Structure formats: C-alpha cells, structure tokens
Amino acid sequence: MSITTENTFETAIEQALVQNGGYNIGDPNTYSKELGFFKDEILAFLQRSQPKRWEKISAIHGKDTENRVLQRLYKELDLRGALDVLRKGFVDYGVRFQMAYFKPASGLNPDAVQMYNSNSLKVYRQIYYSKKNKNSVDIVLGLNGLPVATLELKNQFTGQNVNHAKKQYKDTRDSKELLFSFKKRALVHFSVDSDEVYMATKLEGSKTFWLPFNQGNGNGKGNPISKNKDYRTSYLWNYILQKDSWFQILQQFIHLQTEEVISNGKVYKKEKMIFPRYHQLDAVREITDDTLENGAGKNYLVQHSAGSGKSNSIAWLAYRLTSLHNASNERIFDSVIVVTDRRVLDQQLQNTIYQFEHKQGVVQKIDKDSKQLADAISNGTNIIITTLQKFPYVIDKVGEIPNRKYAVIIDEAHSSQGGEASKKMKEVLGVVEDEESTAQEPYPNYGEGDDDETILGQDIVNSCIEKSAQARGQQTNVSFFAFTATPKYKTLQVFGAKDEEGKPKPFHLYSMRQAIEEGFILDVLKNYTTYELYFKLTKAIEEDPQLNKKKTAKAIGKYVSLHPHNLAQKTEIIIEHFRSIVSKKIGGKAKAMVVCGSRLHAKRYFEEFKKYIKEKKYQNELKVIVAFSGKLKDDNYPDGVSESELNGFKEKELPQMFEKEEYKILIVADKYQTGFDQPLLHTMYVDKKLSGVKAVQTLSRLNRMCAGKEDTFVLDFANDRETIFQSFQPYYEITTVTDETDINHLYDLKARLDDFQVYWQEEIDEFANVYFHPNTNLNNAKNQKYLYSFTDPSVERFKELETEEKQDEFKKSIRSWTNLYSFLAQIMPFVDAEFEKFYAFAKLLQTRLPKRDLSETFQLSDEVALEYYRLEKIKEGSIDLLKGEEGELSGTTEAGLKRTKEEEALLSEIVSVLNDRFGTEFEEADKLFFDQIEAELMEDEKLQKQAKANKMDTFKYAFEDMFMNKLIGRMDQNQDIFEKILEDKMFGDLVKELMMKKIYRKMNE
C-alpha cells in the first residue's frame, strides 16, 4: 500500500507547498554536487531580476560570464555563509547582485513589492547530494537556486518516527558535504513525522543538537490534533514554510551568533546559527498581529519559561516592532525601548540584538548616564536598551519631547512593573496635553508672595496632581510588552489580558512543563530532599526575665540558626555530600550553591567551610566563594568586611572566577538567586525560608542544561515539601489569579493610618502645593526646605507614639499602603487626586521616620543554651507537580492586605492540621492549650468590640497583640507548642490564622 511509504508523506507536503505555499516543483537532477546549489536556477534568477547588472557583468567577462559569476558566488558562500549572501548579495568586479528580495515593511514602494514577487521558491524531492555515495535527502527547499532547508521525513505507518529521521541525519548525513556544511548552504534541517518536528542548524554526527519545533499540546510537549483533519505537523508546511512566513524568518529571525571563547590563553570564535523555536516565532507574530490591529496603548504579558530563549525573543520582537506600519503606511512606534531589571545591562540581550545585520544607528545601548538616554528618546532612536533605574532622572534631562509612540519591552516584568521608576517612565513617554499656565509666582519663591498669588496657582497644582495620578495608568501612546517566566500577582493584573471570566492571563505562554518535557530545562524538583530541625531551648539563667515577645521570637530563631554547632553540622553534611556524590557529576565538573538566610549566615558559613576544608585537608579538591552585598560587621571585623575582601578578588569578577574548575561551591545571601546562569550548577543546599516566586527563581538556578548534566539535586534545611510544591504549581502550566484586589482596601488601610494621627491633612495639602507645582525644582534647597517643614510635625508625632510596637505598626502600614497604591494606581478605573497627594507625602515621610539603632538589637546568646540539637533526614525524592491544573496566584500577600478565605480546617482539628502540615507529634491533649487561649480571647470585651467594628483585615492587628499576650501568659503550660510558635514563623502564622478566623466569625455571629 502506498499509504505506508514515505513517498506518500513527501507528496502531501509537496502538494501543499505548491498549491498554497508559493512554491514551484524543482528538478532534483539540476543540483550541482560540485557547487552545492542549483546553478541553472541561480543564473535564471539573476538575469530575470537584475538584467542591467547582468548586462554590465557580461561586458566584463564575455563568454565566460556564467561560469565566472557562479565561481564568485561559490567563493562568497564559502567565506561569508549563505545567510549573509541572501541578505546582502555578492559583488563581482564591482557589480552587486542581490540573491533575494525581501518583502518591504510598507507598500509605499511598488518597485520593492515587484522585486519581492520576482523571487523563486522551489521544492525538490530526493536530492542525491554526494559524489561519494548514492544517499539522498527527502526534500530540499530552494530560494533562487540556493538550498536553504532540508527535510527528512518518516511515515509512522512504516513503523518509523521522527527519532529515526534524526538518527539518519546523524549516521548518513556528512557535514563535509556542501549541502550540509554549517552556514554555507542549508541553514536548517528538519526531522519530521506526522506527530512531531525537530530542527538542527548544525550537523555534527552524534553531537548534533536537536531542538523540538512543536506547538505544544495541553501545555506539554508535542502537537495537538489538527482541527482541519490534517497531520498534526501540517503547521510546518501550511504556515511556517509558506512564502511570506519563510521570507520573514530568513530576513528577521535567523541569525549567526558569535561568541568569543578563551582556551589556554587563546581567543576563539564560536559560531551558532540561531533559528527561532516555534513558541518564539508564534509569540512575536501573535503580538505584532495584535499590535497592527490595535495600535499603540496596549499591554502584553509573555509568560515564557526559563530555557525558552527569552533574549532572542525580545530581540526579534524589538526588530519587528520598529518596522510595523499601519494601513496608512505610518510607523506604529517611533522608538522601541528595551528595559532590563538589572543595573548591569544584560549583555546577552544586547549581543543578540547586535547580531542582526542592519544599518548603523538602529540600536543604541545606554551605558553612560541618564542624559544619554534622554537624548536617545528625543532623537527618536529606533531601538534603545536601558535600565529602569535611569528613568527617574530622564524627566529632569529631557526638554520638550514631541508626542510620539513607544513600545516598551520589559525583561523580567515582575521586577520592573511598580514604583516610582515605572511611573517616571510613563511620565517621560506619555502624551502630555499642553495647558496654559496661570501661576503668577513660580514656586522658587513659594511662601514669599501674598495669599492671592498662592491661590491663583492652585488650579495648576491640582492639574499636576491629576496628571501625576494618570501617569500611573495605561498611556494611549505607549505599549508595554512584558516578558517573565514567573509572573507575580501584580504582573498579571497590570499586563495580563482578561479572559471571558475577567481573569488576567498571559497573552502568550510557553510553560515550565513544556520546557521540561521538551528537554530545554531540567526538573529541579525531581531529586528533592528536606531536612528538619529539632531542637529544644532552655534557660541558662535562674530567673525568668520579662522579654518583649516579638524580640524574643526573632532572637531565638536567629540564635539557633547561627549557633556554631548548627553551622558545623550542616557544613559537614554539605561538604561530605558534595565530595561523595556531587563532585562526580557532569564529568567531575559539577558545582553547587548554598543559599543562606542572611549576609551574616553567608559569612559564617564561608568561614566554617574554610575551616572544615583545612582540617580535612581538602584544599586541593575544592574552593569556596561567598557573595553578599555591601560590608558586613561581625566579631572579627568591627569595621566591616566585604565579599571581595573575603574572596580575594573583585566583586564583578565573581562569575568568571566561579567558572574556574577549582571553585566548586558558591555561598550566597540574596545575590545570584535570580538571573544567574551557570549550567554546571548541579546541586543546591538551601538554608533559607523560600516560598512563592522567590522559591521558583532560586531553585531554577539549577535548571540550565549542559552536556553530561542529566539531573539536579536539592538539599533543603529550611522548607517543607508542601511549601515548595505550592510555590511551583502556579507556574507549571498557565498562571492566572484567584481574585481581583479590592481597591477599597486602599481606603480601609488609609483609615487605619489616619487613626494614628501622625499626619494632618492641612500639612499634606501644603506639601502637595509645593511638590506638584510645575515650577518647583525639588533639587533646589530653597524649595526643599518647605518639604522638610511640612513633614517635620509628622516625624515628631511619630516619635510620641506610646510604644515601639505602635511605631512599628505605623511604619508597616504606611509602607503597605504606598506599595499597594503604586500597584493599584496602574489598573484603577478612576483617578483619586487625594490619594496621589498622600502617596507623595507618605513616600517622603517614610524616609524621615527614625530608624532603630542596630546596636540595640536583641540578643539571647548569654541567656539561652542549646539543650540538644538534632538534624534528621525527613524525606527525599521527587516533588511531582500536577498536570492539567491552572495555577492561581492570590493578591493577598502582594497587596499587603489579606482577604478573607474559607477556613481550611475547623479549629477543633488544629492539632491534626499542624501535625499533617509540619510533621509535629502533638497529641489530642495538646488541644487543651489552644482551647484555653481561645476561651480567654473570646471573653475579652475590647477584642469583641474590635471584631464587630472592623473587617478581618483590620481586626487582625488587634488580635495578634492579644494572642501573643495570652500565649506568653500560658507558656509554662506547654513549652513545646510555645517554642514552636515562636521559632517557626510558618507554623505560628498558621496557628494565629486558624484561631483568628474562628474567633472573628464567632464574635460576629
């Protein structure tokens, strides 16, 4: 039956390309094995499309013209590669020939459209490419006589599949043959069956690296069933290889990436042909199609997993956006601004963009100062690469920016979406309506004029306040394109596209699950081992001192974690585990990272590691590096010590030093936990509480692939498996949110802040009159003194609050309010000028509130002894994430205010809940301890009034204070539970939450 042969599959593809793809059938016998192209087709194209140039070269070469031109083309292909020749053509004796005409960005030039139509695409079947043997390749795609792609096909009815095609390339396709020679002829090779497609740009026998080119199926690998009763892989020839699509890929996507590699003191160039993966191509095209339809002023969220090639996706999108024209042939964007979230510009991103061969001046990286950025924006530079940190200064540097349209591409959206830097960016780029100034007296003379002059300027100030608030929202002339693997709740709300149910979701998705299943990243949860800390603390002093409850809890936790025995035992476990197991991974090149909870932990670990390595004489086996920010004071370093002083080399040299073979372990504290790509990282030792996106980002440092790396390992001293599972699950497939953040929370929290009576409204109003006046220069000392004078009274009232707890509560609440407003103002359907005034006032006030003297921090080292300490292996193995589950993020922690949810368990079941969740061994008798505290709380009349007068979000503040008082009052009755609540924050928070919800409900029944 012919249906069971590859011939049938070939025919189906050929017919589709000819009937709908813009191809013609080519004669395979015209392929020149000596030259590696179809010489007759090339000559016909040159003479047909460029007759005057052909006439000119003929006058030079005479009868030998065809041979001389073909030989010149052969030499150029050998020197520069097929991609460069296709894009730039070649020159023979001063006559330049084009080898391809690409589709113009607009229809303004009819001649360019005509030249595009002069191209010739052909599909050739069964090309016998070798002079050595009779091997053939199933399909070759030719462009104007140059072979640009090969396809090896497998019909599964014959019992073979795509893996057999890959093996055929590996075993019988010699890269020395011209057709398969890297970059000189065919630019990409496809292995195809009816279900899957794989691609490679460089054939190296068994070393050939194959990338899946699949659409994804249910957020996993593979392809979905065709809706048109076609092959699952029909998108390849019906969509990807279709003429317009194929030319766009050749012109704007494929590029040769060149990197410099140093080996034995010599510098070598390493070249890699980059062909877009399906999800990259699809994302860029879907975004640009939507932008063409809607124009500027829309937000897009791209959730692409780690390992997705984000830098290339951003580069391709940037180039596409610069060339977009609407139906009137007008550019949709005047400038494309690529914003990274790191102070040091992402070199990989810049290099990717610079690899494209376009005219000079298209791309400008901002690596000097904010004036350079202001000039680039003012001059309308096509593509600008900068950092978010520079934007707050631009508004002071830029004069009048004409109303233009901007595309802002944000790398790692979750780190860049909020706060003043983001608002300033919108102010700089946003459309500003001109208004006539009615101010009689500029504010440099504020307070020196009479009352009439101040009142005359009030309308202008009010207008400026409203503009400031509007600048936080969506701008009609600015489109944001946000890329992230782990969108936070805020990210989804600000950049997400609403579905039918009103839930914000990513505009485009390449899931963690698909990336893992396709082999782009490793599953970091596959080998996950947790350890649990059991310890008892006893008083070492005779008397029982009255200790501040919050300070006690914090000090106990810190004392235990920094105890020398604790660090020594963990150090031994880590180093011996690394030596016996990890050091043998990846051909003996594996490295590890130790994640610490603080800078002090990192330094102490570093010292303990050095000490242990010296004692065991392991110096020749491994060296360690430590990473933390700034200078750290400790017993041995009263003046402070930096990571560079401990390591013996400069801070910026750390990534390069860690590359060296002798450095095996990197100890970090809030550094290198995000954006750090070291493929040799195999194992992570975690001694820090992690949850949510932080857990995903930190553990994902391990997921990078490299040759010989088949697995990863995590040894976790600080977190339980359930927390890690709950952190990763939302990002495994598609991420959305559970609910909208209630804007009324802003009013609720503001009312609570008002109750403190720290600030007065008249002071805020006077502050705003200066702060928002268009003629006020805040860097001018004359004006700045007024801002100090309007915030001074609030600072004094803050100092007069009765207790430190009240001061801490006010600080926490005002910080929560400003963070919440900064986020919500970007999505609020209205503008509240009073909030904008208070926000500006509150931000400055926070900077002036007294800070606690670090020398007075609470310590227990002299009062508490470690009775016994035991580290026990709890469980090891894979943490399996759920397939087919839609991950949801809640805005509760992001917004600073928790919303009421259904209780997970009855309070009467608290003991079993705690035992299940935390592995404790409390018995039913321990329930009495909770019952007694609950009874005392229920009887408290003040608490009853607060429960009835407030929402639970507000009630919790009063409840937590009362709960701690009752807990300390009964600490002698059950020391185990008391210590567990104080020491384990997650445990204590759950107890308080369960009890608070029940008490609040019962008091309001």
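Its first residue numbered 0, the sequence shown is counted upward by one per residue in numbering that gives the first Met the number 0. Even glycine gets a Cβ: it sits at the ideal position worked out from N, Cα and C. Values in this document were obtained by computation on a predicted structure and should not be read as measured data.
Task: Cα-Cα separation between GLN247 and PHE101, rounded to whole angstroms - done: Taking the sequence shown and counting its residues from 1, the one referred to as residue 247 is at position 248. Taking the sequence shown and counting its residues from 1, the one referred to as residue 101 is at position 102. Distance between the alpha carbons of GLN247 and PHE101: 8 Å.
- [ ] Compare the beta carbon distance of ALA99 and ALA185 with 9 Å and say whether it is the shorter of the two.
- [x] Locating residue 99 in the sequence shown gives position 100, where the first residue counts as 1. Locating residue 185 in the sequence shown gives position 186, where the first residue counts as 1. No, Cβ-Cβ distance for ALA99 and ALA185 is not below 9 Å.
TODO: State the Cα-Cα distance for the pair ARG700 and LYS659, rounded to the nearest angstrom.
DONE: Locating residue 700 in the sequence shown gives position 701, where the first residue counts as 1. Locating residue 659 in the sequence shown gives position 660, where the first residue counts as 1. Here the C-alpha atom of ARG700 lies approximately 18 Å from the C-alpha atom of LYS659.
Task: Counterpart residues of LYS364 in DSSP-defined beta bridges - done: Stepping through the sequence shown from its first residue, residue 364 is reached at position 365. ILE384, per the DSSP bridge assignment.
Open item on the list: Here's a check: name, in chain order, each residue in its chain whose Cβ is nearer than 8 Å to the Cβ of ALA694, leaving out the five neighbours to either side.
Closed with: Numbered from its first residue, the sequence shown carries residue 694 at position 695. Sequence-distant partners of ALA694 (beyond 5 residues in either direction) whose C-beta falls short of 8 Å from its own C-beta, in its chain, are ASN718, THR722, ILE723, SER726, PHE727.
- [ ] Check whether the Cβ atoms of LYS842 and THR817 lie closer than 9 Å to each other.
- [x] Taking the first residue of the sequence shown as position 1, residue 842 is located at position 843. Taking the first residue of the sequence shown as position 1, residue 817 is located at position 818. Yes, Cβ-Cβ distance for LYS842 and THR817 is below 9 Å.
Open item on the list: If distances are taken between C-alpha atoms only, which option among VAL94, LEU34, LEU752 comes closest to ASN66?
Closed with: Within the sequence shown, the letter at position 67 stands for residue 66. For the set VAL94, LEU34, LEU752, the Cα lying nearest the Cα of ASN66 is the one of LEU34.
TODO: Identify which residue in LEU280, ASN213, GLN125 has its Cα closest to the Cα of GLY221.
DONE: Working through the sequence shown from its first residue, we reach residue 221 at position 222. It is ASN213.
Open item on the list: Quick check: ALA706 and ILE666, are their CB atoms within less than 9 Å of each other?
Closed with: As a working mapping, residue 706 is identified with position 707 in the sequence shown. As a working mapping, residue 666 is identified with position 667 in the sequence shown. Cβ atoms of ALA706 and ILE666: not closer than 9 Å.
Open item on the list: Looking at the strands, I want to know which residues DSSP matches up with THR339.
Closed with: Within the sequence shown, residue 339 is the residue found at index 340, counting from 1. THR386, per the DSSP bridge assignment.
Open item on the list: To the nearest angstrom, how far is the alpha carbon of VAL623 from that of LYS926?
Closed with: As a working mapping, residue 623 is identified with position 624 in the sequence shown. As a working mapping, residue 926 is identified with position 927 in the sequence shown. Approximately 47 Å between the Cα atoms of the pair.
Task: VAL260 classed as buried or exposed, judged by whether at least 16 other C-beta atoms fall within 10 angstroms - done: Taking the sequence shown and counting its residues from 1, the one referred to as residue 260 is at position 261. Around the beta carbon of VAL260, fewer than 16 other beta carbons sit within 10 angstroms, so the residue counts as exposed.
Task: When THR570, PHE789, LYS663 are compared against ARG603, the one with the closest alpha-carbon - done: For the purposes of this step, residue 603 is taken as residue 604 along the sequence shown, with counting starting at 1. For ARG603, the nearest C-alpha among the options comes from THR570.
- [ ] Run the CB neighbour count on ARG86, radius 10 Å, all protein chains shown included, and call it buried at 16 or more, exposed below.
- [x] Residue 86 sits at position 87 when you count from the first residue of the sequence shown. Counting Cβ neighbours within 10 Å, ARG86 comes out buried, since at least 16 surround it.
TODO: Report yes if the CB atom of PHE712 is closer than 9 Å to the CB atom of ASP686, and no otherwise.
DONE: Translated into the one-based positions of the sequence shown, residue 712 becomes position 713. Translated into the one-based positions of the sequence shown, residue 686 becomes position 687. No, these two residues do not count as a Cβ contact at 9 Å.
Task: Cα-Cα separation, ASN619 to THR485 - done: For the purposes of this step, residue 619 is taken as residue 620 along the sequence shown, with counting starting at 1. For the purposes of this step, residue 485 is taken as residue 486 along the sequence shown, with counting starting at 1. Each residue's CA atom was taken as its position, placing ASN619 and THR485 some 40 Å apart.
TODO: Kindly list the residues whose CB is nearer than 8 Å to the CB of ASN311, restricted to its own chain and excluding five residues on each side of it in sequence; keep chain order.
DONE: Position 312 of the sequence shown, counted from the start, is the residue given in the question as residue 311. Result list for ASN311: ILE273, PRO275, GLN279, THR351, in chain order.
Task: Collapsed DSSP secondary structure at TYR100 in the structure displayed - done: Within the sequence shown, the letter at position 101 stands for residue 100. Coil at TYR100, not helix or strand.
Open item on the list: Tell me the rounded alpha-carbon separation between LYS798 and LEU880.
Closed with: The residue you call residue 798 lines up with position 799 of the sequence shown. The residue you call residue 880 lines up with position 881 of the sequence shown. Taking the straight line from one Cα to the other gives about 50 Å.
- [ ] Identify whether LEU202 lies in helix, strand or coil by the three-state DSSP scheme.
- [x] Against the sequence shown, residue 202 aligns to sequence position 203. Collapsing the DSSP output to three states places LEU202 in coil.
Open item on the list: Between CYS463, LEU177, GLU292, which has its C-alpha nearest LEU76's C-alpha?
Closed with: Counted from its first residue, the sequence shown places residue 76 at position 77. Distance check between LEU76 and each of CYS463, LEU177, GLU292 places LEU177 closest, using alpha-carbon atoms only.
Open item on the list: ASP676 and ARG720 - do their beta-carbons sit closer together than 9 Å?
Closed with: Locating residue 720 in the sequence shown gives position 721, counting from the first residue. Locating residue 676 in the sequence shown gives position 677, counting from the first residue. Judged by beta-carbon spacing, ASP676 lies beyond the 9 Å limit of ARG720, meaning their Cβ atoms are not closer than that value.
Open item on the list: Quick check on ASP791: buried or exposed, where buried means 16 or more other Cβ atoms within 10 Å of its Cβ?
Closed with: Within the sequence shown, numbered from 1, the residue matching residue 791 stands at position 792. When all chains shown are included, ASP791 counts as exposed.
TODO: Go through its chain and collect everything with a Cβ distance to LYS169's Cβ below 7 Å, but skip five positions before and after it.
DONE: Residue 169 sits at position 170 when you count from the first residue of the sequence shown. Hits under 7 Å: GLY204, SER205, THR207.
TODO: Starting from ILE408, trace the beta strand (DSSP E) both ways and give me its first and last residue.
DONE: To locate residue 408, count along the sequence shown from 1; it is residue 409. Here the beta strand (DSSP E) through ILE408 covers 405-410.
Open item on the list: Using DSSP's beta-bridge definition, name the partner residues of HIS303.
Closed with: On the sequence shown, position 304 is the one that residue 303 refers to. Looking at the DSSP output, HIS303 bridges to TYR509.
Task: Helix, strand or coil at CYS705 [DSSP, three-state] - done: Residue mapping note: residue 705 aligns to position 706 of the sequence shown, counting from 1. It is coil, neither helix nor strand.
Open item on the list: Distance check for VAL407 and ILE224, CA to CA, integer angstroms please.
Closed with: Here residue 224 is taken as the residue at index 225 of the sequence shown, counted from 1. Here residue 407 is taken as the residue at index 408 of the sequence shown, counted from 1. If I take the Cα positions, the gap works out to 36 Å.
Open item on the list: Spatial neighbours of VAL692 within its chain, please: C-beta separation below 6 Å, excluding the five flanking residues on both sides.
Closed with: Position 693 of the sequence shown holds residue 692. Taken in chain order, the residues that qualify are THR485, LYS487.
Task: Bridge partner(s) assigned by DSSP for ILE612 - done: In the sequence shown, the residue the question calls residue 612 occupies position 613. The bridge partners DSSP lists for ILE612 come to none.
Task: Proximity to GLU614 [Cα-Cα], best of GLY61, ALA496, TYR127, ILE574 - done: Here residue 614 is taken as the residue at index 615 of the sequence shown, counted from 1. If you compare the alpha carbons of GLY61, ALA496, TYR127, ILE574 with that of GLU614, the shortest gap goes to ILE574.
Task: LYS926 - containing alpha helix (DSSP H), residue span - done: As a first step, residue 926 is located in the sequence shown; it is residue number 927 there, counting from the start. Element bounds for LYS926: 926-938.
Task: DSSP beta-bridge partners of ILE664 - done: Within the sequence shown, the letter at position 665 stands for residue 664. ALA591, VAL623, per the DSSP bridge assignment.
Task: Backbone CA spacing between VAL112 and SER190 [nearest angstrom] - done: For this step, residue 112 is matched to residue 113 along the sequence shown. For this step, residue 190 is matched to residue 191 along the sequence shown. Computed Cα separation, rounded: 33 Å.
Task: Contact check, VAL794 vs LEU844, beta carbons under 9 Å - done: Counting from one through the sequence shown, the residue named residue 794 turns up at place 795. Counting from one through the sequence shown, the residue named residue 844 turns up at place 845. Taking 9 Å as the Cβ cut-off, VAL794 and LEU844 qualify as a contacting pair.
- [ ] Can you grab the Cα-Cα spacing for the pair GLU1010 / LEU714, in whole Å?
- [x] As shown, the chain starts at 0 and ends at 1004. That puts residue 1010 outside it, with no answer to give.
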